[in-house]
Amino acid sequence: MPLEQLKFCDLCGSDHLAIHDESADISRCSSCGYMFDNPRPCTGDIIAYYSSAGKFDPWLDEEEGRDILWRRRLSKVTDYVSGGRLLDVGAGIGQFLHHAKNHFVVDGTEVSAEAVRLAEDRYGVKVSQCRLEESAEFEAESFDCVTMTHVLEHVPSPSETLRKCHALLKDGGYLFVAVPNDEFAFWRHGGVLKYVVKRILAAGGVRRFKKLVRFEKIVLDPAVQTEIHLSHFTGSTLEKFVKRCGFEIVENTLDPYYSATGFNLFLKHLRFTFYLAVKKLLRHNFYETILIIGRK
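Using this note's numbering, you'd call the opening residue of the sequence shown number 9 and step up by one each time.
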């Protein structure tokens with residue numbers, strides 16, 4: 009598998025890159041703190057990975073819970089934008105656009121051929137199969153809002169993607185971008201309590217906990233790895249990206265990413281509400297996700 013090596017930070021342009029996690033091929037910019045996979049697979053290989061048959065079957069298995077999830081996210085969008093034209097970048101199987109078309113004239117982009125097929129067959133939504141950065145079908149300043157939900161961590165150049173979003177938005181238009189919060193390692197180990205216990209066991213010499221993995225090395229095999237993240241954001245680095253690409257920050261909050269039904273949905277919502285209150289009180293995000301809303 010051919011790999012590409014990055015020599016400059018995509019956020020600030022610095023060439024002061026340091027190895028942050030050698031086992032997972034993670035680099036960190038010494039100037040701005042942005043963390044990213046380096047070296048990494050080429051874009052074509054990643055697109056092929058996401059186009060594999062059955063890649064989105066888990067989403068279909070959770071369709072009811074994900075309907076609730078997308079309506080919840082849509083409610084956040086309509087708090088700021090009441091109508092007009094919406095572009096969803098990395099639209100996946102089109103489930104969000106299926107709900108959003110009741111409020112907006114919708115368009116979407118998606119690199120996965122399998123997802124584009126499912127969007128039309130299952131939800132009757134036409135999604136353009138392309139990378140947003142390479143698309144020429146959308147006119148400049150033609151959208152009232154652009155949404156990117158857990159997409160920016162997958163793209164080769166977050167700066168290029170965000171600049172394209174800025175160009176497509178009308179003056180006063182809104183950007184909604186949600187990503188995983190990679191500031192805290194403990195979420196990868198089952199939450200705060202489990203992480204603390206594992207750290208204690210590691211300090212006591214228990215071999216299996218000696219290395220608590222924060223990042224996973226990219227493996228282009230859907231049977232081994234469900235997601236390919238090229239960037240690893242914190243709230244501050246994501247905010248820097250959005251600002252540098254010309255947006256005013258309107259809100260830096262949490263993305264309610266959970267897909268669930270019944271009593272499990274109640275528990276997850278309760279937990280989200282707790283961490284949202286902590287964010288407002290302490291002005292720091294200890295949750296698994298980040299949502300930033302920007303305005304052009």
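Note that beta-carbon positions come from the ideal geometry of N, C-alpha and C, so glycine has one too. On a predicted model such as this, the values are computed, not experimentally measured, just so you know.
In or out: residue i buried (at least 16 other Cβ within 10 Å) or exposed?
i    : result
G100 : buried
E147 : exposed
H292 : exposed
D96  : buried
N189 : buried
N110 : exposed
I208 : exposed
P47  : exposed
F274 : exposed
P166 : buried
F280 : buried
G102 : buried
S120 : buried
L289 : exposed
T234 : exposed
D115 : buried
S22  : exposed
What first and last residue would you give for the beta strand (DSSP E) that runs through residue i?
i    : result
Y182 : L177 to P188
R80  : It is not in any beta strand (DSSP E) - R80 instead sits in the alpha helix (DSSP H) that spans E71 to T86.
F249 : Here F249 belongs to no beta strand (DSSP E); instead the alpha helix (DSSP H) covers G243 to R252.
V124 : No beta strand (DSSP E) contains V124, which is instead part of the alpha helix (DSSP H) from A121 to Y131.
L105 : Segment Q103 to A108 is the alpha helix (DSSP H) holding L105; no beta strand (DSSP E) there.
N260 : E256 to T261
V114 : V113 to E118
S35  : I34 to C37
G302 : T297 to R303
L238 : Neither: L238 is in no beta strand (DSSP E) and is coded neither H nor E.
D18  : Here D18 belongs to no beta strand (DSSP E), and DSSP marks it neither H nor E.
Roughly how many whole angstroms lie between the Cα atoms of residue i and residue j?
i    : j    : result
S267 : R252 : 32 Å
H24  : K248 : 18 Å
T51  : V232 : 19 Å
N260 : L82  : 17 Å
E30  : E12  : 16 Å
A144 : V227 : 32 Å
L105 : D53  : 27 Å
R303 : V185 : 11 Å
K134 : K287 : 37 Å
E142 : W67  : 27 Å
E224 : T86  : 36 Å
R222 : I27  : 14 Å
D129 : R80  : 24 Å
F192 : D179 : 35 Å
A175 : D152 : 12 Å
T297 : S239 : 14 Å
E168 : L284 : 30 Å
D18  : S59  : 26 Å
G62  : E71  : 15 Å
V37  : V159 : The identity of residue 37 in the sequence shown is Cys, whereas the question assumes Val. In a straight line, the C-alpha of C37 is about 21 Å away from that of V159.
L140 : T242 : 23 Å
M9   : Q137 : 24 Å
Y57  : V124 : 14 Å
S39  : C20  : 8 Å
I34  : K15  : 13 Å
E122 : R93  : 25 Å
G328 : W78  : This structure does not reach residue 328, given that the chain is present from 9 up to 304, and the question cannot be answered.
T269 : E161 : 27 Å
How far does the alpha helix (DSSP H) with residue i in it extend, from its first residue to its last?
i    : result
I54  : T51 to Y58
H28  : No alpha helix (DSSP H) contains H28, which is instead part of the beta strand (DSSP E) from L25 to D29.
N272 : G270 to L290
Starting from the Cα of residue i, find the closest Cα among the options and give me that residue.
i    : options                   : result
F282 : L273, Y295 and A186       : Y295
S6   : V113, K287, K225 and F223 : Any property of residue 6 remains undetermined from this structure, which presents the chain solely from 9 to 304.
K276 : M156, G73, T261 and K134  : G73
V187 : E70, L177, D263 and G180  : D263
Y265 : F223, G92, K84 and C153   : K84
I301 : E191, F44 and T155        : T155
V163 : F44, Y182 and P10         : F44
G98  : L170, L278 and L14        : L170
L177 : F255, H240, L160 and V124 : F255
G91  : A108, T242 and F241       : A108
I55  : S22, D229, E71 and L77    : D229
A32  : G41, P49, C20 and G21     : P49
V250 : K172, R93, Y131 and G213  : K172
D65  : L126, L77, Y131 and Y88   : L126
Y88  : Y182, L278 and F16        : Y182
V258 : D69, L299, H237 and G213  : L299
N272 : I76, T157 and S244        : I76
Sequence ranges, beta strand (DSSP E) only - wholly within the stretch 128 to 174, length at least 3: Counting only runs of 3+ residues, the beta strand (DSSP E) found wholly inside the stretch 128 to 174 occupies 151 to 157, in chain order.
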